[in-house]
Every structure is written in structure tokens, then in C-alpha cells.
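Here is the structure we will look at.
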Amino acid sequence: MSKEMLEAFATLEEKKGIKQEVIVDAIKAALVAAYKKNYNQAQNVEVDFDERKGNFKVMAVKTVVDDDQLQDDRLEASLSDALAINRAYEVGDEIRFEVTPKNFGRIAAQTAKQVIMQRLREAERNHVVDEYSQYEDELITGTVERRDNRFVYVKIGNVEAVMPRRDQMPNETYNPQDKIRVLVTRVGSDSKGAQIVVSRTAPDMVKRLFEQEVPEIYDGTVEIVSIAREAGDRTKIAVKSSDPNIDPVGTCVGQRGARVQNVVNELGGENIDIVKYEDDPSDYIANALNPAEVIAVQFGDDDEEKSALVIVPDYQLSLAIGKKGQNVRLAARLTGYKINIRPESEVEFVDEDKDENSDTNDNDDANNTAAKNEEASSDSAE
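According to our numbering, the residues represented by the sequence shown are 13 to 394, in order.
Have a look at this one:
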């Protein structure tokens, strides 16, 4: 066992970068636990490793005490016994006695194998995390390997990433050997090893695609302020420019729509609305409801709950709301406001009611005033 053990240590250090000292310390700790468990021993023991021969020895560690103070011979050694071994021992010193069982070599070999395999898994896991953590929140191209009820497994380099169901596009089918671009959303590890999670539905995937298609976004001249996405169906993005001479929306759309079309194609035909960000919330909300026209935007009194009432022409109501409320829902996510939409006619009807009520109240006040004046005149005559 000794020769094979030393060769294994050397190979691990050379190819995996795991130092021999680290492995030996781990094996020692595991052997102490194995010894106490297999031999039902409670004494204080240590495991020594002979680096020349590659053998492990179990040593019982005992503390030297006065002869009349000896209480537990598993943990303590009398001073007279210690002096018989070496005249230099004093009370409080520690003595090590070899207590290696005859069949301990088999346990040592088995334990060493388990520890080495564990260290190998840890080293590989750490290597994957270190290598791929730089790709977190970035786009990367991978190959579909297989899929099950929970994940699509994507090969990235030499590792396998997982794409959960929530990160899979509803309008896409993933077949083995398909090349796909994914966003790396998490690089970490758990008890099973390193884990890389990728996504096709994350809003940041749209952002990264536009960064690749639009140089002005990549260099910071045009900024993507916000993204609201319902993957596979529709996305709204708000953009602004630091250069007043550059139209951020036109820049992102590109000549004849070429830039935005490339992103749409990558996302399987997903509709993308690009709107201009405005510092004025009313203008921003109006832009976010594109392609619907907006007559007016009114804000609630409660500052904590950001809400807005948007008035649109009657014929634009369904367009402003969108299919199953999608347009207004995405606009709300994009702007951070709770948006209520009402048609122009309904608002006018409410205003007319208020005017009619106001006229009625004015007439009542006039009649009451006249009646009071008549009573005052009658009292004066009397």
C-alpha cells in the first residue's frame, strides 16, 4: 500500500494541484475517527504518517501526572512509568504510545481512498467555480446534451450546466446537439458538486444581446435603463442617451430595423418594444404604453404607492391594455408605477356628473339664501 499511496499523492499534486500535506492531514483526521469507531476507543489518539515508507501509525497520547493523581490510564500516564521510559519526562508532558492494530492497514487504505476521492471532487468543484465565475451574467454558447422533466443539460466547455424549466423559452424545443446561446445566471457549488445555472428567459439576456448588436450600448453612449420581459412573447426596454445628438431608440432599432431584428431572431421571434426613457414620469409612462396614444397621465396623492391614472382615446383602449393586459402589465414593470387605464369618454362622463352636481348645489345654495333673506325681512317688519 505504501508505494501506491505515495504515487497517488504525487499524481494528485502534479495534475490536480492538491498538495500532499493537505491530503495527509485530511486522512489523519479521518483515520482518528475510524479508529475510535471501529475499535470503540475513547482515548486521545493521533495518527502519524511516515513520509518515507508511506505508512500510517496510530499513537495514543497520554499526559504525565503524579502517581497518586492517576485517574484514567487511557488518557494519563504515571510519572514513574514515564521516567522508566525517559528520565527527562516531567508532570504535564505528553507521551505517545503506538497502538496501531494489526489489521489497521486495511482500514487506512480504505479511508485514504475515500478521502482522496472526496478531495478530488472538491478540487474539481473549486476549479469549475473559479474558471466559470468570470462568466456569470454573461452570454455563452453551449450544446444541448439531454433533457429531463426538470432541466435541459447544456455542455459548456468541459462542464455541464443546467437550465431549469423556468429558464426555458416556452416557444422553443431543445434537442440534443443543438447549439444555443444562454445567459449564465449562477455559478456555485453544493453537496453534489459545482453547479452552473443558465437561462434563456432572464431579462438580462436581452440586455446582453443588445450590447453585442449595438456598439453605442456597449461603449455606454446609450444606456438600457429598464427591461420588462415575458419571455417568448414580448419585451419592453427603456433606453436613453448621454449624447443629445444621438436618438437612443433609432440607434437600437438600427438601419431598416437590422439591429433589433437580429435580437428578435435570436429569441425566436419575441416582440421587442424599444421606448425612450424620460425623467418626467408622465412622459415616461406615456412612452412605455407605446404603441397606444396617451391623452393625459395623472398621479395619485399617496407617494409611497406609485400609481398613475392614464387617459387614452376610446379607440385606443384595447391597444393600451394589450392582449390579456400584457401591454399595460409590461409598462407597469418597466416604469415601476401601478397603472390604471381609463377611456376618454368615461373620464368626460365623470366630469359632467361633477359639473351637474355642482350646478345643483349652487341652485340649492341660492334658494336657501333667498329664503333666509325673506325671513329676515319679515322679522324686521314686525
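By construction, the Cβ of each residue, glycine as well, lies at the ideal position given by its N, Cα and C atoms.
Counting of Cβ neighbours within 10 angstroms places S330 among the exposed residues, the total staying below 16.
Per DSSP, Y144 is one residue of the alpha helix (DSSP H) stretching across 116-144. K125 and E25 have their alpha carbons spaced roughly 15 Å apart. Close CB contacts of A46 within its chain, under the 6 Å cut and outside five residues either way in sequence, are with I119, T123 (chain order). Fully enclosed alpha helix (DSSP H) runs of no fewer than 4 residues occupy 293-300 of the segment 286-330, in order along the chain.
In the assembly as shown, P260 is a buried residue. Its beta-carbon has 16 or more other beta-carbons within 10 Å.
For F222, DSSP records no beta bridge to any residue. Counting the other Cβ atoms within 10 Å of the Cβ of D179 gives 16 or more, which makes it buried. For D60, the beta-bridge partners assigned by DSSP are K69. For G262, the enclosing alpha helix (DSSP H) starts and ends at 260-265. Within the DSSP secondary-structure output, M175 pairs in a beta bridge with V164.
With contacts defined as CB atoms closer than 8 Å, V103 and E88 fail to qualify as a contacting pair.
The continuous alpha helix (DSSP H) containing N274 extends over residues 270-278.
In this structure the segment 66-74 does not touch the segment 155-167; the number of beta carbon pairs closer than 8 Å is below three.
Contact check for T347 and A308: beta-carbon distance about 16 Å, past the 8 Å limit, so the pair fails to qualify. The Cβ atoms of G269 and M181 lie no closer than 8 Å to each other. Residue range 246-253 is occupied by the beta strand (DSSP E) that includes K252.
The beta carbons of I30 and V127 sit about 11 Å from each other, so the pair does not count as a contact at 8 Å. E33: member of the alpha helix (DSSP H) spanning 32-50, first to last residue. Each of L221, D231, D255 was checked against the Cα of V276, and the nearest Cα belongs to L221.
In this structure, V322 sits away from I286, with a CB-CB distance that is not shorter than 8 Å.
The three-state secondary structure of G232, taken from DSSP, is coil. In this structure, the straight-line span from the alpha carbon of E172 to that of M217 is close to 20 Å. The criterion of a C-beta distance shorter than 8 Å is satisfied by V73 and E106. Distance from the CA atom of S145 to the CA atom of I192, rounded to whole angstroms, is 20 Å. With a cutoff of 8 Å on beta-carbon distance, D326 and E356 are scored as near each other. Boundaries of the beta strand (DSSP E) harbouring R158: 151-159, taken from the DSSP string. DSSP places E25 within a helical segment (H, G or I) once states are collapsed to three. Around R241, the same chain offers P215, V218, T247 as residues with beta carbons nearer than 7 Å, after the five sequence neighbours per side are excluded. Here DSSP, grouped into helix, strand and coil, assigns T347 to helix. Distance check between V306 and each of V265, R354, Q267, A344 places R354 closest, using alpha-carbon atoms only. The residues A304, E305, in chain order, have a CB closer than 7 Å to that of Q328 in the same chain once the five nearest residues on each side in sequence are set aside. Relative to D255, the option among G232, A243, V265, G244 whose CA is nearest is G232.
Going by DSSP, A94 is part of the alpha helix (DSSP H) stretching over 91-97.
Shortest Cα-Cα distance from E157 to any of E136, T185, E143, V340 involves T185.
Non-local C-beta neighbours of Y147 in its own chain, meaning closer than 6 Å and more than five positions away in sequence, comprise V196, ordered along the chain.
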